Amino acid sequence: ENNQYEIHFEGKELSSFHSSVIFSVVRHSAHPLSKILADYFKRQDFYELRHFEEFPGKGIRGVLSNNEEVLLGSAEFTGYETATDDNPMYSYVYVKINNNHTGRFAIRKKYREGVEEMLIQLKKQGYDLYLLSGDNESEKAGLQAYFSDNQMRFKCKPEDKLNFLKDLKKQGKKIIMIGDGLNDAGALKQADVGIAVTDDIYNFSPSSDAILKGEEVKNTGLFLAFARTAKKVLISSLILSFIYNIVGISFAITGNVTPVFAAVLMPVSSVTVVGYITLAISFLWRRAIILR
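For the record, in the sequence shown the residue sitting at position 248 is 251 according to this note's numbering, with numbers rising by one throughout.
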């Protein structure tokens, strides 16, 4: 079992022999998905190949010493005419052994719990999303449901992440950076808002504007939407305060307010505005939780 990837087979149940045959082929390939399957089957026996060929962007073909032919790759490459890659969160590897369509592997990277929900929320809210990863491109296929090719950067060093954010700032973009490693420290500081994700808030984490507990990552979209709503409440409270003071000054100028009444009116004004903000934000937060 691969702890980094969720892998399951859809089709005829694989025998131990067929598992070994598949392993014998994928172990010779440098393709990221082949490497994942090779790790998945690493406890299987394997057979020597008489012939191996890799077709970039399509798949791989192997012929065993007993002339067993194995094709692994895209639906088109393996001849699955009616196949559809129906879940964009998975990468599919189709299997054909001796001209028999055996099935397909569905492969999906295991991300921090809630990350996919977070990405879906943020896309719905209209944010431009970018991925800066220190890992290799083996995750690329599974992330294309959320990021276009030019929005993903792999094998990033800390300075690469920092420079990328600087370039975005030069374009006038406001940046929220979410990171969970020490190599994100520079980028978190460069962002307009840096959010460090940690599973233990009492452990060391990179310097940032906010610390988000790992299990709450899925609610990032909710927090940002609420922050925009809270900003509107703040602006409306300032307007309310301004109107309140204009009315009070108008009465004072005309001599219709006694000093004692004015002394009472000022703290009442402050209490009214603070009360309005507190009640409005509390109501909107409860409403956001219910709607979620």
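Just so it is clear, CB atoms sit at the ideal spot from N, CA and C, and this is done for glycine as well. Since the model is a prediction, treat every value here as computed from it, not as a measurement.
Go ahead and label Leu-237 buried or exposed: buried means 16 or more other beta carbons lie within 10 angstroms of its beta carbon, across all protein chains shown. Exposed, because fewer than 16 other Cβ atoms sit within 10 Å of the Cβ of Leu-237.
Could you tell me whether the stretch 122-135 touches the stretch 151-158, using the rule of 3 or more Cβ pairs below 8 Å? Yes, the stretch 122-135 is in contact with the stretch 151-158.
With DSSP collapsed to three states, give me the class of His-21. The answer is helix: DSSP assigns His-21 an H, G or I state.
Please determine, among Ser-240, Leu-268, Gly-14, the residue with the shortest C-alpha to C-alpha distance to Ile-252. Cα-wise, what sits closest to Ile-252 is Leu-268.
Between which residues of its own chain and Phe-167 is the CB-CB distance below 7 Å, once the five residues before and five after are set aside? Within the same chain, Phe-167 has close Cβ partners Leu-135, Arg-156.
Which residue comes first and which comes last in the beta strand (DSSP E) that contains Glu-13? From DSSP, the beta strand (DSSP E) with Glu-13 extends over 8-14.
Just tell me which of His-54, Arg-107, Glu-84 has its CA closest to the CA of Leu-17. Measuring from the Cα of Leu-17, the nearest candidate turns out to be Arg-107.
Taking 8 Å as the line, does the beta carbon of Lys-45 fall inside it for any heavy atom of the ligand SAM? This structure lacks the ligand SAM, and indeed carries no ligand of any kind.
Helix, strand or coil: how does DSSP classify Val-260 here? It is coil, neither helix nor strand.
Closest by C-alpha distance to Leu-125, when choosing among Leu-171, Phe-229, Arg-289, Pro-270: Ranking Leu-171, Phe-229, Arg-289, Pro-270 by Cα distance to Leu-125 puts Phe-229 first.
Sort out for me which residues DSSP pairs Lys-95 with in a bridge. One detail in the question is off: residue 95 reads as Tyr in this sequence, not Lys. For Tyr-95, which the question treats as bridged, DSSP gives the partners Ala-109.
By the 10 Å Cβ neighbour count, where 16 or more other Cβ atoms means buried, how is Leu-282 classified, buried or exposed? The residue in question, Leu-282, is exposed, as its Cβ has fewer than 16 Cβ neighbours within 10 Å.
For Ser-37 and Ile-63, which I take to be in contact (beta-carbon distance under 8 Å), what is that distance rounded to the nearest angstrom? The beta-carbon separation of Ser-37 and Ile-63, rounded to 6 Å, stays under the 8 Å limit for a contact.
To the nearest angstrom, report how far apart Lys-61 and Phe-150 are at their CA atoms. Rounded to the nearest whole angstrom, the C-alpha separation of Lys-61 and Phe-150 is 22 Å.
From Ser-272 to Ala-190, what does the alpha carbon distance come to, in whole angstroms? Rounded to the nearest whole angstrom, the C-alpha separation of Ser-272 and Ala-190 is 43 Å.
Let me check understanding here. Comparing Cα to Cα, which of Tyr-93, Arg-30, Val-277 lies closest to Gln-147? Closest option to Gln-147, Cα to Cα, is Tyr-93.
Where Ile-178 sits in the DSSP three-state scheme: If DSSP states are grouped into helix, strand and coil, Ile-178 belongs with coil.
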